[in-house]
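Chemist: This is the structure I want to talk about, given as structure tokens.
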Amino acid sequence: ATFAVHFVTAHDLGPTQGVNETAVDWLQAASETAAKVTTPPVDTEQLHQIMDFRYPHQAATATTAYQSVSEAKRLFEDPDNATIGEYQASATGQVGGHRFVTHDFARPDFLQTVREPLATEIGSATHLVLQQLDVTVTPTLDRVQGVIDQLVADQVLTAEVAQRIQPELILRFFSSSVGQQILAAPDQLHREVPFSLLMPARSLFQDFQETDSQVLVHGIIDGYLTTPAGVILFDYKTDHVNAQNQAASIEKIVERYGGQVNLYAAALKQMTGQPIVGQYLYLLAIGELVAVPEQQVRRLSE
């Protein structure tokens, strides 16, 4: 390998004193400048305000702005109701959030096995028949069955579910006082009516203290009838009624759904501007129309 060697003397490097003096001068100047800087006194009160600041609308950050009636209906139920455990407050991972949700999801169709139709499927099918039934003419068993057959032909209902629908109980609805009024004024009937209702968040959640925050509640009303006196609201239910203790069983159903019906009533008052002169559940299991009393929203944990 070839190396090149060069010798450098102190004279070749030149004087370094100037550099040292420049550094010293800079440091001295910096020190003098720093000494002249005056800092304002520390405002400890302001520091405490900053460190202790609490966002005044913290509850709103963990509160849903959109809520379905089927989820929110628990707010109106009796606290001792056995189904109360189906609904829990959840904040999607945040503790103390405000939303009512179900924690059980339907089994996907591709995982379904051969089985008997579920009560919920029969109930949904019965609702559909009532929705499609022509009320401009007097319903008969043949007409009800015709609607069912057409829904099967259109592949809207399966034959297994259709066989479990009871046309005679559907027909009995039109023998009730509400059913008779519907047949007398079919053009005043409104079925499957979607709605959205703004409600104060404090009326839904007990620990919500803000007075101006609102929650948008949405749902679908089975039906209502407009009359000169006001609005008649009705909702179909397919819940089982215990034949051994029918009165108590009906009372529990009214307690279970009373709040839901009252919420529908509140929405209809806003939508129509008319008073609610009657609100009912029609129990398809026994073919009976049951009046629902007015009640207030019961907040969570009350």
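All letters in the sequence shown, in the order written, are residues -12 to 289 by the working numbering. Positions of the beta carbon are idealized from the N, C-alpha and C atoms, including for glycine.
Output the boundary residues of the beta strand (DSSP E) element that contains Val264.
Modeler: What you label residue 264 is simply residue 277 of the sequence shown in a count that begins at 1. Counting along the chain, the beta strand (DSSP E) containing Val264 begins and ends at 263 to 270.
Chemist: Which residues does DSSP list as the beta-bridge partners of Phe182?
Modeler: For the purposes of this step, residue 182 is taken as residue 195 along the sequence shown, with counting starting at 1. Its beta-bridge partners are Gly206.
Chemist: Applying the criterion that 16 or more other CB atoms from any shown protein chain within 10 Å of the CB defines a buried residue, is Leu268 buried or exposed?
Modeler: Translated into the one-based positions of the sequence shown, residue 268 becomes position 281. The residue is buried, with at least 16 neighbouring Cβ atoms inside 10 Å.
Chemist: Label Leu105 either buried or exposed according to how many other C-beta atoms from any shown protein chain fall within 10 Å of its C-beta, with 16 as the threshold for buried.
Modeler: Taking the first residue of the sequence shown as position 1, residue 105 is located at position 118. Per the 10 Å Cβ criterion, exposed.
Chemist: In this structure, what does DSSP give as the bridge partners for Val277?
Modeler: Here the question's residue 277 lines up with position 290 in the sequence shown. Looking at the DSSP assignment, Val277 forms a beta bridge with Leu268.
Chemist: Tell me, please, whether the segment 136 to 155 touches the segment 165 to 185 by the rule of three or more beta-carbon pairs shorter than 8 Å.
Modeler: As far as the Cβ criterion goes, the segment 136 to 155 does not touch the segment 165 to 185, which means the pair count is below three.
Chemist: On the DSSP bridge list, what partners appear for Thr213?
Modeler: Reading the sequence shown from its first residue, position 226 is the one you call residue 213. Thr213 is bridged to Val218.
Chemist: What does a CB cutoff of less than 7 Å around Asn229 pick up in its chain, not counting 5 residues either side in sequence?
Modeler: By 1-based counting over the sequence shown, the position of residue 229 is 242. So the qualifying residues of the chain are Ser236.
Chemist: Would Val122 and Leu170 be called neighbours here (beta carbons separated by less than 8 Å)?
Modeler: The residue labelled residue 122 in the question sits at position 135 within the sequence shown. The residue labelled residue 170 in the question sits at position 183 within the sequence shown. It is a contact, given that the beta carbons lie within the stated cut-off.
Chemist: Give me whichever residues DSSP pairs with Pro187 in a beta bridge.
Modeler: The sequence position of residue 187 within the sequence shown is 200, counting from 1. Bridge partners of Pro187: Gln201.
Chemist: Measuring CB to CB, does Gly210 end up less than 8 Å from Phe221?
Modeler: Here residue 210 corresponds to residue number 223 of the sequence shown, with the count starting at 1. Here residue 221 corresponds to residue number 234 of the sequence shown, with the count starting at 1. Cβ atoms of Gly210 and Phe221: closer than 8 Å.
Chemist: Could you give the DSSP three-state label for His177: helix, strand or coil?
Modeler: Counting from 1 along the sequence shown, the entry for residue 177 is found at position 190. Residue state, collapsed to three classes: strand.
Chemist: Check the DSSP bridge columns for Tyr244 and list the partner residues they point to.
Modeler: Counted from its first residue, the sequence shown places residue 244 at position 257. Bridge partners of Tyr244: none, in fact.
Chemist: Over what stretch of residues does the alpha helix (DSSP H) that includes Glu103 continue unbroken?
Modeler: Here residue 103 corresponds to residue number 116 of the sequence shown, with the count starting at 1. Here Glu103 belongs to no alpha helix (DSSP H), and DSSP marks it neither H nor E.
Chemist: DSSP on Tyr223, reduced to helix/strand/coil?
Modeler: As a position in the sequence shown, residue 223 is number 236, starting the count at 1. Note: Tyr223 maps to strand in three-state DSSP.
Chemist: Closest to Leu182 by C-alpha separation, out of Gly265, Thr113, Ala253, would be which residue?
Modeler: Position 195 of the sequence shown, counting from 1, holds the residue named residue 182. The sequence given here has Phe at residue 182, not Leu. Phe182 has its Cα closest to that of Ala253, out of Gly265, Thr113, Ala253.
Chemist: Among Thr225, Gln261, Glu275, whose alpha-carbon lies nearest the alpha-carbon of Val165?
Modeler: Numbered from its first residue, the sequence shown carries residue 165 at position 178. Measuring from the Cα of Val165, the nearest candidate turns out to be Glu275.
Chemist: Verify whether the separation of the beta carbon atoms of Leu255 and Tyr223 is less than 8 Å.
Modeler: Here residue 255 refers to the residue found at position 268 when the sequence shown is read from its first residue. Here residue 223 refers to the residue found at position 236 when the sequence shown is read from its first residue. Cβ distance not < 8 Å, so Leu255 and Tyr223 don't count as in contact.
Chemist: Mapping the DSSP letters down to three states, classify Asp(-1) as helix, strand or coil.
Modeler: One-based indexing of the sequence shown puts residue -1 at position 12. In the structure shown, Asp(-1) sits in a helix (DSSP, three-state: H, G or I).
Chemist: For the putative contact between Ala188 and Val204, defined by C-beta atoms under 8 Å, what is the C-beta separation to the nearest angstrom?
Modeler: Taking the first residue of the sequence shown as position 1, residue 188 is located at position 201. Taking the first residue of the sequence shown as position 1, residue 204 is located at position 217. About 11 Å; that fails the 8 Å criterion.
Chemist: I'd like to know whether the C-beta atoms of Val143 and Val116 end up nearer to each other than 8 Å.
Modeler: Position 156 of the sequence shown holds residue 143. Position 129 of the sequence shown holds residue 116. Contact: no.
Chemist: According to DSSP, simplified to helix, strand and coil, what is His(-7)?
Modeler: Walking along the sequence shown from the start, residue -7 turns up at place 6. Looking at His(-7) - three-state DSSP - the assignment turns out to be coil, as it is neither helix nor strand.
Chemist: Just curious, the alpha helix (DSSP H) that Asp129 is in, first and last residue?
Modeler: The count along the sequence shown starts at 1 and reaches residue 129 at position 142. Counting along the chain, the alpha helix (DSSP H) containing Asp129 begins and ends at 128 to 140.
Chemist: Please indicate yes or no: does the CB of Gln150 lie closer than 7 Å to some heavy atom of the ligand PLP?
Modeler: The ligand PLP is absent from the structure shown, which contains no ligands of any kind.
Chemist: Kindly give me the distance between the Cβ atoms of Glu108 and Val148, rounded to whole angstroms, as I take these residues to be in contact under 8 Å.
Modeler: Along the sequence shown, read from residue 1 onward, the residue named residue 108 stands at position 121. Along the sequence shown, read from residue 1 onward, the residue named residue 148 stands at position 161. At roughly 5 Å, the Cβ-Cβ gap stays under 8 Å, so Glu108 and Val148 are in contact.
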